[in-house]
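Participant: Quick one: the structure is below, and I'll ask about it shortly.
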Amino acid sequence: MVKAAHTLKRARHTRTAVAAATASALLLAGCAARTGAPSASRAYAEGGTFQLAVPSDVPSFDPYASNAGSTRMLFLAYLAYDSLVSQADDGSFQSGLADTWHTAPTRTTFTLHQGVTCSDGTKLTARQVAYDLNYVGNPKNLTPYYGQYTPNVPYTATGNDTANTVTVTTRTPFAFTLETLGNIPIVCGKGMAHRGLLTSGSDGTGPFVVDHADQTSYTLKVREGYSWGPKGASTSAPGTPATLVVNEVPNFTTAASQVLAGQLDAAQVTGSDAQRLKAAGVAHADVPYQKSALTFNERSNRVTSDVRVRKALVQALNFDSIAKVVGGSVTDRPRGLRAGTPLTCDGANAKAAFPPYSPKKAGELLDSAGWIKGSDGIRRRDGKPLNVTVYYPTEDPGVELIQAFWKNIGVETTLHVATAQEAEAMYSQGTGNFDISYGGYVLPLPIALAPYISGAAPPAGLNFAHIENPDYDRFEKQASRTAGDASCALWAKAEQSLMNRADFVPLSNAKTRLFTSSDAKAEINSFRIPIPTSLRLYK
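In the working numbering, the protein residues as written are 1 to 539.
Laid out in structure tokens, this is it:
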């Protein structure tokens, strides 16, 4: 899917196996709002081919491969592979491979749907599901799900083929088993035994099976008799395509033109091309994500290790202006630390954490920290000018506006487009001459963000900005080992403490949009872009 947030790639950390942990890994929460959908009175097409565009290549259809399209398969995997549960737009859980489930602080049991088969006709077993869940939780296997969508406490999955149940047991209480392991796409036995088959094929229980692959596309065929999708969704629903072709179309202008011409049935499009499609009344499904944020480097030798400097830099910013410049009408000011609809543990309040825009008060904070403005308008302390270096991944009008706001209070700003090598070194080795990292984290679960803003610094950990917030550490530790609503209350306190101390500052949220032609329909949600059983074709 589109790397819609202009963000620095998170390095592949082989020791901890966060193989696909990228700041722009658009892991969106919630079902999409849909605008301009075809009329309900239109007749569905029988069979037909659904043409779906993706903006980058997918070198493998193996969902557990670390190189499977740089997180692309995190969103396409569900075309061929089902998960135990899925989430509705209100955050509630729906059946998938599991008909029912029971959760407790340290144990979750899933009862599988009877009659689920793999694409080769073999029965899916509970032991196979358990094997897969244990596989993705092993850091040595370097799956893109490890760390983001596996529990952050030790766990074991066991399968009982007689009872048709899968039980996940965690060493300590854990609140997000359904949100993490419940959403892992399950690969069947043959595919796990012969992983090479998944490069150009598939072996899952999903509604489609890979039939053919070449260098720029995958052709999938619908599975007859499939009836265990979310809430029992099936491929017998009217309008379900008989064939799905996933095409690599890296140019948004080309993709937009092909949607308008009916050559593509669905494509993610951003920027001016998205505005062109919207103006033409093209139907689209939306999901919010965090587009931009500031992470301050708190290493002891950086000026941003001083909380007064951080808070001054934040109060000198007009958040509404930044959001407008970054993305126009599709961006707005964040409500919390993370973005998504629905959002797991949505309790932190960004607006309460950051005081109103005030260059005067920002200047007073810098005065208190010893940074005094000279006759040339530049602040200095002990003769040294106050200069901050911002690392960012690509051209973005937001950073230039931030530079202007900070110049207004006497702070010099050096903008640096970080290369892939610099980003790799920064996140995996802890190097880099930066004070602030600019980019959005689009991770829907609080546990997914935690390694980047707490704990050990690289190379021992992922805390690249050397953030040490005792309140966050205390609440995060308690929340990670607490189940139920009490866990969310603790996560809210943890995330609030990060914003209150200006360690991490969300600046703007935006929307990812999947546009569909006049003869098609598709929905998207947190993991599925598109939701496989939502695909429809019209006459």
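Even glycine gets a Cβ: it sits at the ideal position worked out from N, Cα and C.
Is the Cβ-Cβ distance between ASP99 and THR108 less than 7 Å?
Facilitator: THR108 sits away from ASP99, with the two beta carbons spaced by 7 Å or more.
Participant: Determine the DSSP secondary structure at GLY159, reduced to helix, strand or coil.
Facilitator: strand
Participant: Three-state secondary structure (DSSP) at ILE411?
Facilitator: In the sequence under discussion, the amino acid at residue 411 is Val, which differs from the Ile named in the question. Looking at VAL411 - three-state DSSP - the assignment turns out to be coil, as it is neither helix nor strand.
Participant: May I ask you to verify whether the region 83-92 touches the region 113-127, counting CB pairs closer than 8 Å and requiring at least 3?
Facilitator: no
Participant: Round the Cβ separation of VAL136 and TYR78 to the nearest angstrom and send it over; I've been treating them as touching at under 8 Å.
Facilitator: In fact, because the Cβ distance is near 15 Å, the residues do not count as touching under 8 Å.
Participant: CA-CA distance, VAL58 and ASP132?
Facilitator: 22 Å
Participant: So for ALA316, helix, strand or coil by DSSP?
Facilitator: coil
Participant: If you draw a straight line from the C-alpha of ALA381 to the C-alpha of ASP332, how long is it?
Facilitator: Just to set this straight, residue 381 is Arg in the shown sequence, not Ala. Within the model, the alpha-carbon separation for ARG381 versus ASP332 is close to 36 Å.
Participant: By DSSP, does TRP371 sit in helix, in strand, or in coil?
Facilitator: Coil, per DSSP.
Participant: What did DSSP end up calling SER217 once you bin it into helix, strand or coil?
Facilitator: strand
Participant: Strictly by DSSP, which residues pair up with SER292?
Facilitator: SER508
Participant: By how many angstroms is the C-alpha of ASN297 removed from the C-alpha of ILE372?
Facilitator: Distance between the alpha carbons of ILE372 and ASN297 is about 22 Å.
Participant: For LYS231, does the count of other Cβ atoms within 10 angstroms reach 16, so buried, or fall short, so exposed?
Facilitator: exposed
Participant: Rounded to whole angstroms, what's the CA-CA distance from LEU294 to GLU476? Just pull it up for me.
Facilitator: 20 Å
Participant: What residue does the beta strand (DSSP E) around ILE436 start on, and which one ends it?
Facilitator: 436-438
Participant: Nearest by alpha-carbon distance to PRO334: which of VAL505, ASP471, SER41 is it?
Facilitator: VAL505
Participant: Are three or more beta carbon pairs between the region 297-307 and the region 263-282 nearer than 8 Å?
Facilitator: no
Participant: For VAL287, does the three-state DSSP call read helix, strand or coil?
Facilitator: strand
Participant: Do the region 224-244 and the region 474-494 meet, that is, are 3 or more Cβ pairs less than 8 Å apart?
Facilitator: Judged by Cβ distances under 8 Å, the region 224-244 makes no contact with the region 474-494, as fewer than three pairs qualify.
Participant: What's the gap between the Cα of VAL166 and the Cα of GLY159?
Facilitator: Each residue's alpha carbon lies about 4 Å from the other.
Participant: Just tell me which of PHE93, GLN258, THR169 has its CA closest to the CA of GLN51.
Facilitator: GLN258
Participant: Verify whether the separation of the beta carbon atoms of SER200 and ALA213 is less than 7 Å.
Facilitator: yes
Participant: Under 7 Å between the Cβ atoms of THR414 and THR389?
Facilitator: yes
Participant: Comparing alpha-carbon positions, which option in TYR357, GLY432, LEU343 lies nearest ALA312?
Facilitator: ALA312 has its Cα closest to that of TYR357, out of TYR357, GLY432, LEU343.
Participant: Kindly indicate which residue of ARG536, PHE354, LYS539, PHE527 has the alpha-carbon position closest to the one of LEU74.
Facilitator: Out of ARG536, PHE354, LYS539, PHE527, PHE527 has the C-alpha closest to the C-alpha of LEU74.
Participant: Along the alpha helix (DSSP H) that carries ALA267, what are the first and last residues, could you check?
Facilitator: No alpha helix (DSSP H) contains ALA267, which is instead part of the beta strand (DSSP E) from 266-268.
Participant: Please confirm whether GLN128 and GLY189 have their CB atoms less than 7 Å apart.
Facilitator: yes
Participant: Name the two residues that bound the continuous beta strand (DSSP E) containing SER86.
Facilitator: Its beta strand (DSSP E) spans residues 85-87.
Participant: Take GLY206 as the anchor and find which of GLY196, ILE186, LEU197, SER217 has the nearest alpha-carbon.
Facilitator: It is ILE186 whose Cα lies nearest to the Cα of GLY206.
Participant: For the alpha helix (DSSP H) containing ARG127, list its first residue and its last residue.
Facilitator: ARG127 -> alpha helix (DSSP H) spans 126-136.
Participant: Would you check if there are 3 or more beta carbon pairs closer than 8 Å linking the region 320-328 to the region 496-514?
Facilitator: yes
Participant: Sort PRO154, ARG195, LEU84 by Cα distance to SER66 and report the nearest one.
Facilitator: Among PRO154, ARG195, LEU84, the Cα nearest to that of SER66 belongs to ARG195.
Participant: Nearest CA to the CA of ALA283: which residue from THR49, LYS539, LEU514, ILE453?
Facilitator: LEU514
Participant: Is it right to say PRO154 is buried, meaning 16 or more other beta carbons lie within 10 angstroms of its own, or is it exposed?
Facilitator: Exposed, because fewer than 16 other Cβ atoms sit within 10 Å of the Cβ of PRO154.
Participant: Please specify which runs of the beta strand (DSSP E), each continuous and at least 3 residues long, are wholly inside the region 178-236, giving them in chain order.
Facilitator: If we require 3 residues or more, the beta strand (DSSP E) runs fully inside the region 178-236 come out as 208-213, 217-222.
Participant: Are the CB atoms of ILE409 and ALA316 nearer to each other than 7 Å?
Facilitator: Yes; because the gap between Cβ atoms is below 7 Å, this pair is in contact.
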